Amino acid sequence: MGVATVFRRLFIAPLPHCPIASFRLIALLPLCLFASLTLSCANPERARVKATTQASYDAKTLKLSEITYDKNKDGRIDTWTKMDGSRPVSSEIDTDEDGKIDRWEEYGPDGKLVKVMWERPKPPTAKDRTMTGKPDAAAFMGPDGAVERIEYSEVSELDPTKTQRVVRREFYRDAHLVRAEEDTLGTGIMDRFEYYDANERLVAVELDETADGKPDRRLNYSPEGVLLSIETGPDGKGGYLKKTIPGK
Ligand SMILES: [Ca+2]
Ligand SMILES: [Ca+2]
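Going by my numbering, the first residue of the sequence shown is number 1, and it counts up by one from there.
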């Protein structure tokens, strides 16, 4: 169940008809509370949703400003969604429930997911595997909701300002990786450009060896990964003047 559905069910959908509605208010409240507790006991799923869905309201506008959610349904709140009334704006999510937010989501004006950011787990070889609580990867969705682009960020050891920058950018079409660019040297300039076929097999790599952001060499591969040819001497129009075939 999505956040919007939970919201609708809890705050917009009419409450179930209370059979004791004709009682005076003073009698009504404890009886409804009793009925609610009985329902909760009888329906653990309803009780879980109720316990983990907490709403906050803006003190001035009285509009819904935040709602919590138990995304993995284990009975503990793991998602905090900023709301503008009934419209979700952004979410912070603790996917592994270790007390640190590790996924961030942003929604467009129509409430659709437009951006997801997350913190990548540190590789086993990393000196420090502590999670920082800051995102270092971001996926951007196109109008159809599918991922269009993913960006990975790092702090380069060469950078004295220790600024986190995008080091790899992947481009997707119809949810398939079509090309990527990468800053392999940590200079802040993309120096490796990868091209993929319809089955996401790497078929060409262009390398910028003069650190001007423009490729100088192109390696062409078969879908099986065999080097077919090397092109050099960029012609300034995206092509190359010289082609070498290995072994010939
Ligand atoms: Ca949970
Ligand atoms: Ca976490």
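Virtual Cβ for every residue (Gly too), placed ideally from N, Cα, C.
Given the structure is predicted, the values throughout are model-derived calculations rather than measurements.
Can you pull the DSSP bridge partners for LEU64?
-> Its beta-bridge partners are TYR57.
When every heavy atom of ligand 2 is checked, does at least one fall within less than 7 Å of the C-beta of THR161?
-> no
Ignore the nearest five residues each way along the sequence and tell me which others in LEU33's own chain have a CB closer than 8 Å to its CB.
-> Caution is warranted here: a pLDDT of 44 is assigned to LEU33, below 50, making its placement in the model unreliable, and the coordinate value is therefore given only provisionally. Excluding residues up to 5 positions away in sequence, nothing lies with its Cβ nearer than 8 Å to the Cβ of LEU33 in the same chain.
Is the beta carbon of ASP94 within less than 7 Å of some heavy atom of ligand 2?
-> yes
Does the beta carbon of LYS122 fall short of 7 Å from some heavy atom of ligand 2?
-> no
State whether the stretch 133-142 contacts the stretch 102-117, with contact taken as three or more CB pairs (one from each stretch) at a distance under 8 Å.
-> yes
When ILE67, ASP128 and ALA51 are compared against ARG87, the one with the closest alpha-carbon = ILE67
Rounded C-alpha distance that separates THR125 from LYS63 = 48 Å
Is the CB-CB distance between LYS248 and THR232 below 8 Å?
-> no
Report yes if the C-beta of LYS100 is less than 7 Å from at least one heavy atom of ligand 2; otherwise report no.
-> yes
Measure the C-alpha to C-alpha separation of VAL178 and PRO135 and round it to an integer number of angstroms.
-> VAL178 and PRO135 have their alpha carbons spaced roughly 24 Å apart.
Identify, in the order they occur along the chain, each residue of the same chain with its Cβ nearer than 7 Å to the Cβ of GLU200, setting aside the five sequence neighbours on each side.
-> HIS176 and LEU177
Return yes when at least one heavy atom of ligand 1 lies under 7 Å from the C-beta of LYS71, else no.
-> Yes.
Residue span of the alpha helix (DSSP H) that contains VAL114, given as start and end = Unbroken run through VAL114 is the beta strand (DSSP E), 113-118; no alpha helix (DSSP H).
Do ALA180 and ARG169 have their CB atoms nearer than 8 Å?
-> yes
Do you know whose CA, among PRO121, ASP208, ASP197 and ASP216, lies nearest PRO223's CA?
-> ASP197
When DSSP builds the beta bridges, which residues end up paired with MET83?
-> PRO88
Within this structure, are the beta carbons of ARG217 and GLU209 separated by less than 8 Å?
-> yes
Using the C-alpha atoms, what's the distance from ILE189 back to SER227?
-> Inspection of the sequence shows that residue 227 is occupied by Leu rather than by Ser. Going from the Cα of LEU227 to the Cα of ILE189 covers about 26 Å.
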